[in-house]
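Visitor: Take a look at this one; I'll ask things after.
Protein chains: 2
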Amino acid sequence: MPVPASIQFVPGRLPITSAFQVATRNYADARLLSAITRMTKRLSGRTGITFTPVVKNDESQATLVIDCAGPGRTIPAVDEDETYQLDVSDRQARLTAPTVVGALRGLETFLQLISADRDGFFLPAVTIRDQPRFRWRGLLIDVARHYQPMEVLKRNLDAMAAVKLNVFHWHLSENQGFRIESRKFPKLHQMGSDGLYYTQEQAREIVAYAAERGIRVVPEFDMPGHSTAWLVGYPELASLPGPYEIERRAGIFDPTLDPTREEVYKFLDSFMGEMAALFPDAYLHIGGDENEGKQWDRNPQIQAFMKEKGLKDNHALQAYFNQRMLKILQKHKKKMIGWDEILQPDLPRDVVIQSWRGPTALAEAAKKGYDGILSNGYYIDLMYPASQHYLADPVPANSTLTPEEAKHILGGEATMWGEYVSPETIDSRIWPRTAAIAERLWSRRDVTDIDDMYRRLAAISIQLEELGLTHERNRQVLLRRLAQTKEIGPLEVLVSLVEPVKEYRRGQQRPSTMLSPLTGLVDAAHADSLAARQFANMVEALLSDAPHFRTEEVQRVLREWRDAGPQLNSILERAPALQEARPLVDDLSEMARIGLEATSYLTDRVAPTTQWRDASLARLDQAAKPKAALEFAMIPGLRLLVSAAAELPSLQQLSPADWKLRVKSLAKPPAK
Amino acid sequence: MPVPASIQFVPGRLPITSAFQVATRNYADARLLSAITRMTKRLSGRTGITFTPVVKNDESQATLVIDCAGPGRTIPAVDEDETYQLDVSDRQARLTAPTVVGALRGLETFLQLISADRDGFFLPAVTIRDQPRFRWRGLLIDVARHYQPMEVLKRNLDAMAAVKLNVFHWHLSENQGFRIESRKFPKLHQMGSDGLYYTQEQAREIVAYAAERGIRVVPEFDMPGHSTAWLVGYPELASLPGPYEIERRAGIFDPTLDPTREEVYKFLDSFMGEMAALFPDAYLHIGGDENEGKQWDRNPQIQAFMKEKGLKDNHALQAYFNQRMLKILQKHKKKMIGWDEILQPDLPRDVVIQSWRGPTALAEAAKKGYDGILSNGYYIDLMYPASQHYLADPVPANSTLTPEEAKHILGGEATMWGEYVSPETIDSRIWPRTAAIAERLWSRRDVTDIDDMYRRLAAISIQLEELGLTHERNRQVLLRRLAQTKEIGPLEVLVSLVEPVKEYRRGQQRPSTMLSPLTGLVDAAHADSLAARQFANMVEALLSDAPHFRTEEVQRVLREWRDAGPQLNSILERAPALQEARPLVDDLSEMARIGLEATSYLTDRVAPTTQWRDASLARLDQAAKPKAALEFAMIPGLRLLVSAAAELPSLQQLSPADWKLRVKSLAKPPAK
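Residue numbers (our numbering), protein chains in the order written: chain A, 1 to 672; chain B, 1001 to 1672.
Have a look at this one:
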């Protein structure tokens, strides 16, 4: 994962033993050798085998030969050649690549191919020719709303490399925080960050760490809106007089840079010069989103300026600002990238548009000749399942773009917006779902089998843990803290069945600020309930096997839910921080009861009353309502079970073929 | 934990609500304010409540008033005053301390007092007067055999502060690695570390991080032995010609600094000067242990030197070396500390002895007037249970030291030697057991109730997780990687019942080097099996309730073991890295069978044959033999169960009182 462009398995296997050896041929440099060391260490950790960590030039004894033609770009670039070829035979694996970056991508594939059976570890014999579908495959991490320590960024860069993502979009400034040291304007980080910022040395460390893994770092300084944190130290940049304080709430706020004053551009020129020197990537992101211009409307000087310059509205004023910023970035040899909103008439064609609005807006930009990247559909903070992100395509099959126009679509980026992520929870919000997005951006458009994706995602998820990712391990930590006991089995049952509410409903249902703890049940819940998917599959298997009704497995699960109830209530007695879960516990018990009754009707072949069906479905509707910013994910499966139980009498007379048809028609849940 | 010197609960409770506020009085500085911020964040995380993070001067509205008289020592020192007093009433908590360090200790107590019931979070009303029993309460982390990244050290410093430890003993050099940047002798870290070392800036960062928490940092440079890694870059320092390579094995090795050449002292003078400037603590540790002098015996020049100087043996030569090192350290204004072996006649009294040999050796040194700290009994790498470390006392009740002499015993240090710890596993080797050692060094000598210690240790263990400690969470990560599946329930049953073999037997039973992965089942096992302790308690409860024989709970557990067997075998089929666990799985199944048979005999009141008893005990003996460097921890409980079942016929005729006596006599396991 991502699925290679071309993969052909052939008979045979290459065993991995303590004799494992790597040899390089043609080009090898420090970056490649470090990557080999890292790969060998992971291989060793996974297999439990001690390897000799020496890379040889002697190919004859090598298990893996890496034949690399050259270094690739020293500073990772959007036109990097990431191609590689991997040929595994009974005797040897051979990785061929034109650049070291291609070889890095191939090493990740090599590691993913490691298989095991009772005879030991091995690679299946295979021929892979691989290159990405899109050149720009990114992950945005918003470190501004909640600061993330260096090790969080590093382990996420490791994970990005593991799934062949190649752009780390570092969202460094916001209303809620300014996170990078500025030596020219130290009040930016000193007054805008609560002391939580990256030093320039740390920034360089991240850039180098990313480059080691063939990952670009694109910094974003969101402007002219989203800029409250700048104004705490430099209120003179604002469109209305200060003082300003670091924003603690989530939302869209008024403070905006003043686009009419030369001092502001002088400041930004100087600041961007400093940042341009710090970040070697060709692109620099200026944000540009969600400026409602309210401060502009209220400032007579700005109004006068607009009149004087013939700027008819705030959009025109922002376009003016963008033009000025473009010149500043050009002066500092950077290409400008911004969100949808920056796309205004007269914007030169070498600006890149990042679309949060959608593929249609992006296609329109492409038709006008702008390069673009898609983020709509990849907003992982919205808590949608991987399956949904997986099907969002930067250039969908029904795209009206010509092949020439389609080339302007550089790729896409998953966006980890930071309102509700702490160092403890952020990995579980990014992974493993982002691996599905990485596959969308690397693999062929027709790789769309959801079940297969989830099967492979489960394997990748475990492999990501060896890089230190905490997406799985930290759930129990949160639950133990909430319950103040190690006996959290029943809580695990509950939390495995719920998902955080989607979109931006969390803030409405469970108001909080950037200073609120992110240690609640909702923080322990994941976006993509495996238990709910498994339950749905069980119910489907049960019904598709009708009229046998082998309900044992479903009943075992339902009994587990039922038995969790009293235990959960006893945990809740002692855990004030879990009080919000009480209605969820009631729902779970009721759903277990309803499910068990439904299975009884099915196995006993006794029809329930209409009253039972209606009451049960009504209770499920009630359970489907979010509580504590959580919602149960297995309700569709339960609805199906209830409907099936209610249909039982008519079903008894059916032929097996009609049975299947009938079950199929049931699968559509009743309209609410 | 540690139990305060004096604690008195009174009626009443102080609720913790969103109105929680801290005020300071008298002295407050950046260190205190940072500590308050960290405390408030943990309180918020644990309670789920959003607090206003502002510290006020207005006492009237404050929930917690911190009344601090002064800063304490800027550089944490061994004579720091760590006293504090904490008074909690219905209305307010008041923390009084002569120094900020005392206040830091009190803040940890404050956090530990947080309680919860259905009415919410609160502190019980209480009066605590507290100060440590010993001034030197340390944790040694050996980062030389296996390098540990910065975040590992930082989170362990956080954990140390949480249990009031105050010395981080940083074991920085070894045969297997030299881990600190030397600008004067860069080949030390460049050639002796595989690139895994701390820069001087990082060292300063650790020193500052520790000082923020009132923790001293004592660096150790082990010499003249344990020095192979020095010699890779500077073979001219050795007692025999090189070249040298970084040692990859565990053990005691010959390479030794040459104590007879002036160039060596010139080098060490210069190096120690550099390190003395880097580490502000008054003490510097020169190791001095385990030098067998083999290189000295084989070097004629050294032999000639000894003859010339009248040094009759290698001990005398090492004493000469120590005298020279002492002068060098004195020149750089450092007090010398070393292991037992450095204690030689003529050593001045201001040298500190760290004893790995035991309290008797330590007491002898104290009688001679040397300060000393105890590490014997606190070797946490030996994998003994917390209960054992807990009872090791630097000045035991039967000590023959006069009060004046006893003052020379400064305290003790837990030692995390690094042969078998990776960043992934080290926390689980240190915690929670080290909290029991911390209590031994802080609390009164008569605080020795093991059950009560374990009860409190379980609570502390969960609280340590909020600081990022991974001692619990990483077990499942290791198991998932071994099994390559998320379905690790049966593996968890198995691993919860085994402990790594004690002492240094792991290396014998499962040979490995410093390059071997630390990802095996033995790395997932913990030193102190909770499940085994619980099982022993269950069996005890079952028998003490005789002749009722309520076996349900024991049987439930035994069935869990039994059911895990087939599932484990199916996991093993696909997991080559778990093949070594096969005999353990067989043992577990057999033990479940024997246990279930024993409970049947008890409940059925049918006596088994002597043959059954003998065969069962023989099978348990077989299961008790270590496999895969692991041993089952619940075998004593099973032996007791088998013996009880075998005794059944005679028991039936007993009175309840005789019953108890009989059961008591059974509790002694048969001699092996």
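Just so it is clear, CB atoms sit at the ideal spot from N, CA and C, and this is done for glycine as well.
These numbers come from a predicted model, not from an experiment.
1. So, residue 1380 (chain B) versus residue 1415 (chain B), is the Cβ gap smaller than 8 Å?
2. I'd like the list of long-range same chain contacts for residue 58 (chain A), defined as Cβ closer than 8 Å, with 5 residues on each side in sequence excluded.
3. In chain B, which residues lie less than 7 Å from residue 121 (chain A) when you measure between Cβ atoms?
4. Could you tell me how far apart the beta carbons of residue 284 (chain A) and residue 209 (chain A) are, in whole angstroms, since I believe they sit closer than 8 Å?
5. Strictly by DSSP, which residues pair up with residue 409 (chain A)?
6. So, is residue 1389 (chain B) buried or exposed, given that buried needs 16 or more other C-beta atoms within 10 angstroms?
7. Under three-state DSSP, which class holds residue 198 (chain A)?
8. Establish whether the CB of residue 117 (chain A) and some CB of chain B are separated by less than 8 Å.
9. Among the candidates B:1308, B:1421, B:1468, whose CA atom is the shortest distance from the CA of residue 1522 (chain B)?
10. Please report how far the alpha carbon of residue 1671 (chain B) lies from the alpha carbon of residue 1293 (chain B), in whole angstroms.
11. Taking buried to mean at least 16 other C-beta atoms within 10 Å of its own C-beta, is residue 1558 (chain B) buried or exposed?
12. Ignoring anything shorter than 3 residues, give me the beta strand (DSSP E) runs that lie fully in the region 1326–1371 of chain B, in order along the chain.
13. Determine whether the Cβ of residue 1477 (chain B) lies closer than 8 Å to any Cβ atom of chain A.
14. Can you confirm whether residue 1559 (chain B), when its beta carbon is compared against all beta carbons of chain A, has any partner nearer than 8 Å?
15. With 8 Å as the threshold, decide whether the Cβ of residue 1583 (chain B) is near any Cβ in chain A.
16. Which term fits residue 1334 (chain B), buried or exposed, when burial requires 16 or more other beta carbons within 10 angstroms of its beta carbon?
17. Give the DSSP-derived three-state secondary structure of residue 1280 (chain B) in the structure shown.
18. Give every residue of the same chain whose Cβ lies closer than 8 Å to the Cβ of residue 509 (chain A), excluding the five residues on either side of it in the sequence, and list them in chain order.
19. Output, in chain order, the set of chain B residues within a Cβ distance shorter than 8 Å of residue 47 (chain A).
20. Please work out which residues of its chain come closer than 7 Å, Cβ to Cβ, to residue 462 (chain A), disregarding the five sequence neighbours upstream and downstream, and give them in chain order.
21. Is the Cβ of residue 206 (chain A) closer than 8 Å to any Cβ of chain B?
22. Taking 8 Å as the cut-off, does the region 1131–1146 of chain B touch the region 1157–1170 of chain B (at least 3 CB pairs, one atom from each stretch)?
23. Say whether chain B places a C-beta atom closer than 8 Å to the C-beta of residue 525 (chain A).
24. Near residue 498 (chain A), what residues of its chain come up, given a Cβ to Cβ distance below 6 Å and the 5 sequence neighbours on each side ignored?
25. So is residue 211 (chain A) in contact with chain B if we call contact Cβ pairs under 8 Å?
26. Under the DSSP definition of a beta bridge, which residues are partnered with residue 1121 (chain B)?
27. Looking at C-alpha atoms only, which residue of B:1146, B:1242, B:1339 is the closest neighbour of residue 1197 (chain B)?
28. Between residue 1053 (chain B) and chain A, is the shortest Cβ-Cβ distance under 8 Å, so that the two count as touching?
29. Does the Cβ of residue 1211 (chain B) lie closer than 7 Å to at least one heavy atom of the ligand FAD?
30. Which value, in whole angstroms, describes the spacing of the CA atoms of residue 1599 (chain B) and residue 570 (chain A)?
31. Quick check on residue 277 (chain A): buried or exposed, where buried means 16 or more other Cβ atoms within 10 Å of its Cβ?
32. Closer than 8 Å, CB to CB, is residue 466 (chain A) near chain B or not?
33. For a contact defined as C-beta to C-beta under 9 Å, what are the partners of residue 458 (chain A) on chain B?
34. In this structure, does DSSP put residue 486 (chain A) in helix, strand or coil?
35. Just the chain B side, please: which residues come within less than 8 Å of residue 520 (chain A) by C-beta, in chain order?
36. Please classify residue 143 (chain A) as buried or exposed, where buried requires at least 16 other C-beta atoms within 10 Å of its C-beta.
Guide: Taking the geometry as given:
1. Within the second sequence, the letter at position 380 stands for residue 1380 (chain B). Within the second sequence, the letter at position 415 stands for residue 1415 (chain B). Closer than 8 Å, so yes.
2. The residue labelled residue 58 (chain A) in the question sits at position 58 within the first sequence. Cβ within range, chain order: 23.
3. In the first sequence, the residue the question calls residue 121 (chain A) occupies position 121. Result: 1576.
4. Within the first sequence, numbered from 1, the residue matching residue 284 (chain A) stands at position 284. Within the first sequence, numbered from 1, the residue matching residue 209 (chain A) stands at position 209. About 19 Å separates the two Cβ atoms, so there is no contact after all.
5. Translated into the one-based positions of the first sequence, residue 409 (chain A) becomes position 409. In the DSSP output, where bridge partners are listed per residue, residue 409 (chain A) has A:372.
6. By 1-based counting over the second sequence, the position of residue 1389 (chain B) is 389. Counting Cβ neighbours within 10 Å, residue 1389 (chain B) comes out buried, since at least 16 surround it.
7. As a first step, residue 198 (chain A) must be located in the first sequence, where it is residue number 198. Reduced to three states, the DSSP call for residue 198 (chain A) is strand.
8. Indexing the first sequence from 1 puts residue 117 (chain A) at position 117. It does; some Cβ of chain B falls within 8 Å.
9. In the second sequence, residue 1522 (chain B) corresponds to position 522, counting from 1. Of B:1308, B:1421, B:1468, the residue nearest in Cα terms is B:1421.
10. Residue numbering aside, residue 1671 (chain B) sits at position 671 when the second sequence is read from its first letter. Residue numbering aside, residue 1293 (chain B) sits at position 293 when the second sequence is read from its first letter. Only weak support exists for where residue 1671 (chain B) lies, its pLDDT of 46 falling under 50; the coordinates are left without a value.
11. Indexing the second sequence from 1 puts residue 1558 (chain B) at position 558. Flag for residue 1558 (chain B) reads buried.
12. 1335–1339, 1352–1355
13. By one-based count along the second sequence, residue 1477 (chain B) stands at place 477. Yes - at least one Cβ of chain A is within 8 Å of the one on residue 1477 (chain B).
14. Working through the second sequence from its first residue, we reach residue 1559 (chain B) at position 559. For residue 1559 (chain B), the answer is no, since every Cβ of chain A falls outside 8 Å of its Cβ.
15. Taking the first residue of the second sequence as position 1, residue 1583 (chain B) is located at position 583. No, its Cβ sits nowhere closer than 8 Å to a Cβ of chain A.
16. Locating residue 1334 (chain B) in the second sequence gives position 334, counting from the first residue. Counting Cβ neighbours within 10 Å, residue 1334 (chain B) comes out buried, since at least 16 surround it.
17. Here residue 1280 (chain B) corresponds to residue number 280 of the second sequence, with the count starting at 1. Three-state DSSP puts residue 1280 (chain B) in coil, outside helix and strand.
18. For this step, residue 509 (chain A) is matched to residue 509 along the first sequence. 501, 626, 628, 629.
19. Taking the first residue of the first sequence as 1, we reach residue 47 (chain A) at position 47. The answer, in chain order, is 1517, 1576, 1577.
20. By one-based count along the first sequence, residue 462 (chain A) stands at place 462. The answer is none, since no qualifying residue turns up.
21. In the first sequence, residue 206 (chain A) corresponds to position 206, counting from 1. By this cut-off, residue 206 (chain A) is not an interface position.
22. yes
23. Walking along the first sequence from the start, residue 525 (chain A) turns up at place 525. It does not: the Cβ of residue 525 (chain A) has no partner Cβ on chain B nearer than 8 Å.
24. If you number the first sequence from 1, residue 498 (chain A) lands on position 498. If we look at residue 498 (chain A) and ignore the five residues flanking it on each side, its Cβ neighbours are 525, 630, 632.
25. Here residue 211 (chain A) refers to the residue found at position 211 of the first sequence. No, residue 211 (chain A) lies away from the interface with chain B (no Cβ there is under 8 Å from its Cβ).
26. Taking the second sequence and counting its residues from 1, the one referred to as residue 1121 (chain B) is at position 121. Paired residues: B:1116.
27. One-based indexing of the second sequence puts residue 1197 (chain B) at position 197. Looking at the Cα atoms, B:1146 is the closest of the given residues.
28. The residue given as residue 1053 (chain B) occupies position 53 in the second sequence. It does; some Cβ of chain A falls within 8 Å.
29. Among the components of this structure there are no ligands whatsoever, and the ligand FAD is therefore not found.
30. Your numbering for residue 1599 (chain B) matches position 599 in the second sequence. Your numbering for residue 570 (chain A) matches position 570 in the first sequence. Taking the straight line joining both Cα atoms gives about 30 Å.
31. For the purposes of this step, residue 277 (chain A) is taken as residue 277 along the first sequence, with counting starting at 1. That one is exposed.
32. Within the first sequence, numbered from 1, the residue matching residue 466 (chain A) stands at position 466. With 8 Å as the cut-off, residue 466 (chain A) counts as an interface residue toward chain B.
33. Residue numbering aside, residue 458 (chain A) sits at position 458 when the first sequence is read from its first letter. The contacting residues are 1485, 1486.
34. As a position in the first sequence, residue 486 (chain A) is number 486, starting the count at 1. If DSSP states are grouped into helix, strand and coil, residue 486 (chain A) belongs with coil.
35. The count along the first sequence starts at 1 and reaches residue 520 (chain A) at position 520. Chain B residues near residue 520 (chain A): 1048.
36. On the first sequence, position 143 is the one that residue 143 (chain A) refers to. The residue in question, residue 143 (chain A), is buried, as its Cβ has 16 or more Cβ neighbours within 10 Å.
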